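S.K.: First residue of the sequence shown? That's 1 in full-length UniProt numbering, and the numbers climb one at a time after it.
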Amino acid sequence: ITKLEGDKEENRDEIESLKETIKILDNTRKMEKKRMSEELARSVKEKELLENDVEAGRIELAETTKRLNKRVDDVRQEMTGMLIAAKSEARKEEEKMKQKYDKQLDESRSTTKSLGVKLDRVKEEQLEAKEEIRVLDLKLVDRVVTVKKLEVDVKKRDETIERYESNYRELLKLSLKLTKNRFKSGRSKVGNVVGRIINRRKKDKKSIEDQ
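(1) What number of angstroms, rounded off, separates the C-alpha of Q99 from the C-alpha of R71?
(2) Nearest-angstrom Cα distance between L50 and T80?
(3) Using the Cα positions of K148 and L127, report the straight-line distance between them to the nearest angstrom.
(4) Rounded to whole angstroms, what is the Cα-Cα separation between R12 and D26?
(5) Which value, in whole angstroms, describes the spacing of the CA atoms of E14 and K33?
(6) Look up V190 in the DSSP assignment and say whether it is helix, strand or coil.
So, in structure tokens, the structure goes:
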């Protein structure tokens, strides 16, 4: 009986322990349920806030998209206007450049034509100059031939003159020799004549003094 009472006491303790454990588990379950309820409420609230944020974001995105589309349209219109103006300006510039190029091309063609005429004139002048040079060369050749001929003639003339001079010197020597001989013979005659003239003058002077 004592043993049974001891077992009964132990069982009572275990029952109390189990009751305490069950109570703790029940409190824990309640607390967990409360926590889960609070988390669920918070999740619902966060979901609502998120949905509100999403809706606000959607609205803002729609407004932003609308604003961006308008900006894109404005930019497109602006770019289209700028493109049209640029094309118009480009056409004007192209036309201006074309006119300038055509003018330069015409001037270049005119210059080329003028240069061609000048070149033809220069070629003609070169041909004329070559012809003149050829004629001058022929004249020069003729003159060279003439000069050589004159040199030959002069040489022959010099040789003839030299022969004449040689003959003249010989004749001169002979003439001097003859003149010398004649002078000697004529000197005595001249002396006699001079003597007679002097004597006559002396006689004429004396007769004048006597008078």
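The beta-carbon is built from N, C-alpha and C at its ideal position, and this holds for glycine as well.
Keep in mind that this is a model prediction, so the values were computed, not measured.
M.R.: Reading off the structure:
(1) Numbered from its first residue, the sequence shown carries residue 99 at position 99. Numbered from its first residue, the sequence shown carries residue 71 at position 71. About 41 Å.
(2) For the purposes of this step, residue 50 is taken as the residue at position 50 of the sequence shown. For the purposes of this step, residue 80 is taken as the residue at position 80 of the sequence shown. Between L50 and T80, the alpha-carbon positions lie close to 42 Å from each other.
(3) Residue numbering aside, residue 148 sits at position 148 when the sequence shown is read from its first letter. Residue numbering aside, residue 127 sits at position 127 when the sequence shown is read from its first letter. Rounded to whole angstroms, K148 and L127 show a C-alpha spacing of 31 Å.
(4) Numbered from 1 along the sequence shown, position 12 holds the residue referred to as residue 12. Numbered from 1 along the sequence shown, position 26 holds the residue referred to as residue 26. Cα atoms of R12 and D26: separation of roughly 20 Å, rounded to the nearest angstrom.
(5) For this step, residue 14 is matched to residue 14 along the sequence shown. For this step, residue 33 is matched to residue 33 along the sequence shown. Cα to Cα, the separation comes out at about 27 Å.
(6) Within the sequence shown, the letter at position 190 stands for residue 190. Its pLDDT being 49, under 50, V190 is placed unreliably by the model, and nothing is read from it.
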